[in-house]
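First the structure, in the form of structure tokens, and then the observations on it.
Numbering (the UniProt record's numbering), first residue to last: 1 to 110.
Shown next, in the form of structure tokens:
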């Protein structure tokens with residue numbers, strides 16, 4: 001694990017978002033975990049950071065709609081080959097889950 005000094009700063013080096021779809025239409029066969037895996041792989045690829053260099057997984061997800069969604073961050077981390085020892089947390093804060101995930105990520109490093 002890398003020690004981040006406060007003077008180093010915290011940066012978002014890559015971000016991706018999944019597609020939007022109408023209820024019961026094109027995306028109906030994908031779980032939230034499936035969609036999160038797709039965007040996580042894309043974000044890692046765009047950042048050129050390997051999964052082995054990830055120190056923490058924090059995911060915002062509201063309305064868990066599949067059996068594995070309660071532990072979405074853990075499942076996504078494992079699916080994208082982040083080491084099993086890396087901590088993972090799923091944030092469920094209704095409309096603010098994504099923003100809360102960013103806040104919690106920043107708090108990990110300060």
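Note that CB positions come from ideal geometry on N, CA and C, so glycine has one too. Please read these numbers as outputs of a predicted model, since none were measured by experiment.
Rounded C-alpha distance that separates residue i from residue j
i, j, result
"residue 11", "residue 18", "21 Å"
"residue 25", "residue 57", "30 Å"
"residue 33", "residue 69", "6 Å"
"residue 121", "residue 93", "Missing from the structure shown is residue 121; the chain here goes from 1 to 110 and no further."
Helix, strand or coil at residue i according to DSSP, with G and I counted as helix
i, result
"residue 90", "strand"
"residue 57", "strand"
"residue 112", "Any answer about residue 112 is impossible in this case: the structure gives the chain only from 1 up to 110."
"residue 103", "helix"
Residue i classed as buried or exposed, judged by whether at least 16 other C-beta atoms fall within 10 angstroms
i, result
"residue 61", "buried"
"residue 37", "buried"
Spatial neighbours of residue i in its chain, beta-carbon cut-off 6 Å, leaving aside the 5 residues before and after
i, result
"residue 13", "47"
"residue 91", "60, 97, 100 and 101"
Own chain, CB closer than 7 Å to residue i, minus 5 neighbours either side, in chain order
i, result
"residue 74", "88"
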